[in-house]
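J.:
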Amino acid sequence: MDHHHTHGTNSRELQMARSMCWHCQSEVSGEYFCERCVKVQPVSKDLDYFTCMGFPRRLTIDLRQLETKFYELSRAFHPDFFQNKSEEEQTISLGNSAMLNTAYRMLRDPIQRAEYLLDLEAGAVKEIRTSPPADLFEEILELQDTLDEYRATDRTSETGRQLRTKLLAEQHTLEQRKRSMETQLQQLFTDWDALQDRGEANSQTRVERDRLLKQMREILSNRAYVKNIVNDLVATIA
Amino acid sequence: MARIVGIDLGTTNSLVAYMDKGTPRVIAGRNERNIVPSVVAITDNGLIVGDPAKEHLTRNPERTVYSVKRFMGKGLADVQGELAYFPYSLTEQGGVIRIKLGEKTYSPPQISAMILRELKQRAEAHLGESITKAVITVPAYFNDSQRQATKDAGMIAGLEVLRIINEPTAASLAYGLQEKTQGTIAVYDFGGGTFDISILKLKNGIFEVLATNGDTHLGGDDLDRQVGDLFLAEIRTRHGIDLSAHPDHMQAIRLESERAKIRLSDELKIQVSVELPDNKGRFTRELTRDQLESLIMDIIDRTLGPCRMALKDAGLTPIEIDEVLLVGGSTRMPLVRQRVQELFGKTPHCELNPDEVVALGAAVQADILSGGTTDMLLLDVTPLSLGIETMGGVMSSLIRRNTTIPASAKEMFTTYVDGQTGVDIHILQGERELAKDNRSLGRFRLKVPPLPAGVPRIEVTFLIDANGILNVKASDMRTGQSQSIEVRPSYGLSGNEVERMIEDSFKFAAKDVNARKLIEARLDAAALITTTEKFLGEGSHLIPQEEVAAVRAALSALATAKDGNDPRAIRASMADLEQAAKSLTVAMLDDSLKRGLQGKKLSEIT
Ligand SMILES: Nc1ncnc2c1ncn2[C@@H]1O[C@H](COP(=O)(O)OP(=O)(O)OP(=O)(O)O)[C@@H](O)[C@H]1O
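Those protein sequences? They're chains A and B, same order as listed.
For the first sequence, our numbering begins at 3 and goes up steadily by one.
For the second sequence, our numbering begins at 32 and goes up steadily by one.
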């Protein structure tokens, strides 16, 4: 829905360089406060969350640094500190704070961060799986059957208890599966960041880039699928 | 900038505080009490609020409102189960509960405004300036309608509510100011009507709420009912009396139950005694702490579920909580402390007065807003998920619970039919799948230009501000034009109605001033009568006989005026009496001087 993300880096920089202070019309190039009149500037809607928080587009982020930056910007933007200011500044403060809070929430969690970055890089929306990933197909079909059976039986009966034990074991397996996907992802994240750090743009790196993107996207969607199944399972046996 | 006060508008007790050179202080009233009981009595002579109104609970139960906070932002159906407990009658109009007192009906924000006005006047008297701005606290788990209702109450009372903040987080501010703590803290806030749990991270002056949970319908009131129900049942079997037909006695039972509960926080065994109607004697019984605890155990345990949920949402285990803070009068109960201790595995803090800490925190927040305190910042969260109803009656979540506020979400809308000119949107709050199981906040209609289906693109921004209150904006992506949106609240007063109530309250205020003057005049008259009678008793031999007669005449004139409703008449009679008793007073003064009371004022001798 948000088509802004498809803008290339160049047009974004251009836009930032050109922007003017809403109050005194002097030039502001990405600073959050005008150097001349010290008025708060609205964070551009075209900024991605990484740039907004002053971080490079990488999949590994130092969470302590991220938090420090979040607190620092909160102190700069929060509506509490704009109570004595003009209505315009209050509106900007509110919008900037909301934007900052979203940025922090997205970047703090490695999975959400990766999904967000994939959207930025590949410009496509998150794939939502409706059928099980191939390597889990059998297992998940069987699990669905067991779940249906469990729902239909008296939980205190012998069969009920047996089914429950089976489901608990299944939960354990799936959670392990999820963790192993996360380990795989972690490796891909590192590879991706390394590729970015090299900063080369030849056909070889382009192929590598596409491979990484494809793999990450696939594992992310498989992981989301497994996570939903586990949630459903937990809710049923609770 | 004009001074901003901090107000704790509680279910049972309310307080006002301000920042006095870096230290938050609660403002006491003329009676030297810090607390204003959240009780409002509408008498023939006008409005009475606080301690004096409390006396009307048993004298005038049908016209004395207590625990009005339980009705804020609610419809009648929400409180169906507890109607029997309230002596005043409730109705509903426009989705809002109305309280019928005598000829008139009042909305909960109007009643709350009366309490707020009392606090406002208290602050004005103490600070010697007019107060028009306030920070008001609400339970963290209050939904949008309940917050909006609180804001409306402030407006009706003539206060600009600069911020609504959550009670447990307010408490953490007061605590953090004093302790300069770093780390993770849990605030367990169990008051008169609500329960909240908030988990915060404190670091370098930032108070970041990680998660919050609670129950806005769980508090000391419920414990009192449990005890009261036991007494009522026993009165029925032992004396054959059904007290439900006697609202005044029902109130006496409620008050005695609360008193018993409170005393059992310190004692192990107490004696209960209440008068029965129609000269049937008294109901008495012994109550032990064990008995009380077995009665209320289940209710106390209902606070533990929300604590676990909050921990889970914060991604923490109990051991990872560095400190636990107790807030609210109900945390004085040993059983509550024990349960909290068991859950978190550490002794909770209770150094700060649990009745006052919320108001103190509100004063700190007020100081932050006025630019006084600059090193502290509270980052709170929205307690409930916000969403809209989609096809098939399902709720689609836009802003998840425990999202840091301010928070915003954008959603694009289009049409399904050619030429469609509007889209109806239903806003919800809650955690359930189906729209009907969640709280309806309001509805609005998006205006759409008549175009082929799917062509219009209207972007709606849902923004939860720092008060936890929703604002909705829409703009047409094709034209860039924005449209203003008027959300029709499901459980709230309309803007017009609030306007009217503000006007009403001004009219009412004039009447209140009269009621207040009357009360004060009566008190002063009573004091003067006592003094004069004392002088007459001790010193009538010092003055001529006919003057004694004149004093007696003036005395009885004042007594008559005191029983009337005209404060000016009372003051006039007081002046007459003072005049008539002048030589008596002088004679008494001389007499005492002679007896060596030099240098003391008259008031000190009496
Ligand atoms: N010593 C005590 N033992 C047990 N309960 C007590 C004690 N002291 C006060 N309470 C109870 O505490 C409640 C009032 O607490 P408090 O003043 O914190 O609540 P409130 O702010 O009015 O309510 P809320 O925050 O829920 O709106 C009453 O139910 C009262 O009976």
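All residues carry an ideal CB built from backbone N, CA and C; glycine is no exception.
1. Does ligand 1 have a heavy atom nearer than 7 Å to the CB of Ser-229/B?
2. Answer yes or no: the CB of Met-145/B versus the heavy atoms of ligand 1, is any distance below 7 Å?
3. For Ala-165/B, which three-state DSSP category applies?
4. Within 7 Å: the Cβ of Pro-414/B and any heavy atom of ligand 1?
5. Between the alpha carbons of Arg-368/B and Thr-492/B, how many angstroms are there, rounded?
6. How many Å lie between Phe-57/A and Ala-100/A at the Cα?
7. Please state the DSSP three-state secondary structure of Glu-220/A.
8. On the criterion of 16 or more Cβ atoms from any shown chain inside 10 Å, does Tyr-118/A qualify as buried, or is it exposed?
9. What residues are listed by DSSP as bridge partners for Glu-420/B?
10. What are the start and end residues of the alpha helix (DSSP H) that includes Asp-48/A?
11. So which residues of chain B does Ala-100/A contact, with C-beta pairs closer than 7 Å?
12. Tell me the DSSP secondary structure of Tyr-172/B in three-state form.
13. Please go through the same chain and pick out, in chain order, the residues whose beta-carbon is closer than 8 Å to the beta-carbon of Val-518/B, but skip the five residues on each side of it.
14. What's the C-alpha gap between Ile-122/A and Pro-487/B?
15. Could you check which residue in Val-579/B, Gly-133/B, Val-71/B and Leu-586/B has the C-alpha nearest to that of Ser-614/B?
16. Using a Cβ-Cβ cutoff of less than 7 Å, which residues in the same chain neighbour Thr-637/B once the five nearest sequence positions on both sides are dropped?
17. Can you tell me which of the three DSSP states Ser-21/A falls into?
18. State buried or exposed for Cys-54/A, treating a residue as buried only when at least 16 other CB atoms are found within 10 Å of its CB.
19. Is any beta-carbon of chain B found at less than 8 Å from that of Pro-1/A?
20. According to the neighbour-count rule (16 or more other Cβ atoms, all chains shown, within 10 Å of its Cβ), is Arg-225/A buried or exposed?
21. Beta-carbon of Asn-235/B versus every beta-carbon of chain A: anything under 8 Å?
22. Where are the alpha helix (DSSP H) runs, 4 residues long or more, that stay fully inside the segment 86 to 169 of chain A, in chain order?
23. Regarding Thr-563/B and ligand 1, is the C-beta to nearest heavy atom distance less than 7 Å?
24. Measuring alpha carbon to alpha carbon, tell me which residue in Glu-91/A, Asp-212/A and Gln-186/A is nearest Leu-197/A.
25. Count the other C-beta atoms from every protein chain shown that fall within 10 angstroms of the C-beta of Val-228/A, then say buried if there are 16 or more, exposed otherwise.
26. Name, please, each residue of chain A whose Cβ falls closer than 8 Å to the Cβ of Ala-497/B.
27. Residues bridged to Ile-495/B by DSSP?
28. Under 8 Å, Cβ to Cβ, is there at least one residue of chain B near Tyr-73/A?
29. Please state the DSSP three-state secondary structure of Val-209/A.
30. Provide the residue span of the alpha helix (DSSP H) that contains Tyr-219/B, from first to last.
31. Any Cβ of chain B within less than 8 Å of the Cβ of Gln-173/A?
32. Would you please verify whether the beta carbon of Arg-107/A is less than 8 Å from any beta carbon of chain E?
33. Quick check for students: name the residue ranges of the beta strand (DSSP E) that lie wholly in the segment 286 to 337 of chain B, counting only runs of 3 or more.
34. Using the DSSP secondary-structure output, state which residues sit across from Gly-457/B in a beta bridge.
35. Could you check which residue in Thr-591/B, Asp-455/B, Ser-176/B and Ala-397/B has the C-alpha nearest to that of Pro-29/B?
T.: With the structure as the only source:
1. Within the second sequence, the letter at position 198 stands for residue 229/B. Flag unset: Cβ of Ser-229/B not near ligand 1.
2. On the second sequence, residue 145/B is found 114 positions in, with the first residue counted as 1. Because no heavy atom of ligand 1 lies under 7 Å away, the Cβ of Met-145/B does not count as near it: no.
3. For the purposes of this step, residue 165/B is identified with residue 134 of the second sequence, where counting begins at 1. Strand at Ala-165/B.
4. In the second sequence, residue 414/B corresponds to position 383, counting from 1. Checking the Cβ of Pro-414/B against ligand 1 gives no.
5. To locate residue 368/B, count along the second sequence from 1; it is residue 337. To locate residue 492/B, count along the second sequence from 1; it is residue 461. Going from the Cα of Arg-368/B to the Cα of Thr-492/B covers about 44 Å.
6. Mapped onto the first sequence, residue 57/A falls at position 55. Mapped onto the first sequence, residue 100/A falls at position 98. When rounded, the distance between both Cα atoms is 18 Å.
7. Here residue 220/A is taken as the residue at index 218 of the first sequence, counted from 1. Here Glu-220/A sits in helix by DSSP.
8. By one-based count along the first sequence, residue 118/A stands at place 116. Buried, because 16 or more other Cβ atoms sit within 10 Å of the Cβ of Tyr-118/A.
9. Here residue 420/B refers to the residue found at position 389 of the second sequence. Answer is Met-426/B, bridged to Glu-420/B.
10. Translated into the one-based positions of the first sequence, residue 48/A becomes position 46. Taken as a continuous stretch (DSSP letters only), Asp-48/A belongs to no alpha helix (DSSP H), as it is neither H nor E.
11. In the first sequence, the residue the question calls residue 100/A occupies position 98. The answer, in chain order, is Pro-437, Ala-438, Ser-439 and Leu-494.
12. Looking up residue 172/B in the second sequence gives position 141. For Tyr-172/B, the three-state secondary structure derived from DSSP is coil.
13. For the purposes of this step, residue 518/B is taken as the residue at position 487 of the second sequence. Within the same chain, Val-518/B has close Cβ partners Ile-458, Leu-472, Gly-473, Arg-474, Phe-475, Leu-501 and Val-503.
14. Indexing the first sequence from 1 puts residue 122/A at position 120. Indexing the second sequence from 1 puts residue 487/B at position 456. Before going on, a small fix: residue 122/A reads as Leu here, not Ile. If I take the Cα positions, the gap works out to 26 Å.
15. On the second sequence, residue 614/B is found 583 positions in, with the first residue counted as 1. The candidate whose alpha carbon is nearest that of Ser-614/B is Val-579/B.
16. Indexing the second sequence from 1 puts residue 637/B at position 606. Because the pLDDT of Thr-637/B is 44, which lies under 50, any placement of that residue in the model is unreliable, and the question is left without a value.
17. Residue 21/A sits at position 19 when you count from the first residue of the first sequence. Coil, per DSSP.
18. Position 52 of the first sequence, counted from the start, is the residue given in the question as residue 54/A. Cys-54/A should be labelled buried.
19. One cannot answer for residue 1/A here, as it falls past the ends of chain A, which runs 3 to 240.
20. In the first sequence, residue 225/A corresponds to position 223, counting from 1. It is buried - the Cβ of Arg-225/A has at least 16 other Cβ atoms within 10 Å.
21. Residue numbering aside, residue 235/B sits at position 204 when the second sequence is read from its first letter. Asn-235/B counts as touching chain A.
22. 89 to 110, 112 to 124 and 139 to 154
23. Position 532 of the second sequence, counted from the first residue, corresponds to residue 563/B. Not a single heavy atom of ligand 1 lies less than 7 Å from the C-beta of Thr-563/B.
24. Here residue 197/A refers to the residue found at position 195 of the first sequence. Nearest option by C-alpha distance: Asp-212/A.
25. In the first sequence, residue 228/A corresponds to position 226, counting from 1. When all chains shown are included, Val-228/A counts as buried.
26. Here residue 497/B refers to the residue found at position 466 when the second sequence is read from its first residue. Residues of chain A passing the Cβ test: His-80, Pro-81, Asp-82, Leu-96 and Ser-99.
27. If you number the second sequence from 1, residue 495/B lands on position 464. According to DSSP, Ile-495/B bridges with Ala-438/B and Leu-501/B.
28. Indexing the first sequence from 1 puts residue 73/A at position 71. Cβ-Cβ to chain B under 8 Å: yes for Tyr-73/A.
29. Here residue 209/A refers to the residue found at position 207 of the first sequence. Here Val-209/A sits in helix by DSSP.
30. Counted from its first residue, the second sequence places residue 219/B at position 188. Per DSSP, Tyr-219/B belongs to no alpha helix (DSSP H); it is in the beta strand (DSSP E), 214 to 221.
31. In the first sequence, counting from the first residue as 1, residue 173/A sits at position 171. Not an interface residue.
32. No chain E appears in this structure, whose protein chains are A and B.
33. 300 to 306 and 313 to 319
34. Taking the first residue of the second sequence as 1, we reach residue 457/B at position 426. Sequence check: residue 457/B is His here, not Gly. According to DSSP, His-457/B bridges with Arg-474/B.
35. The question about residue 29/B has no answer, for chain B in this structure spans 32 to 637.
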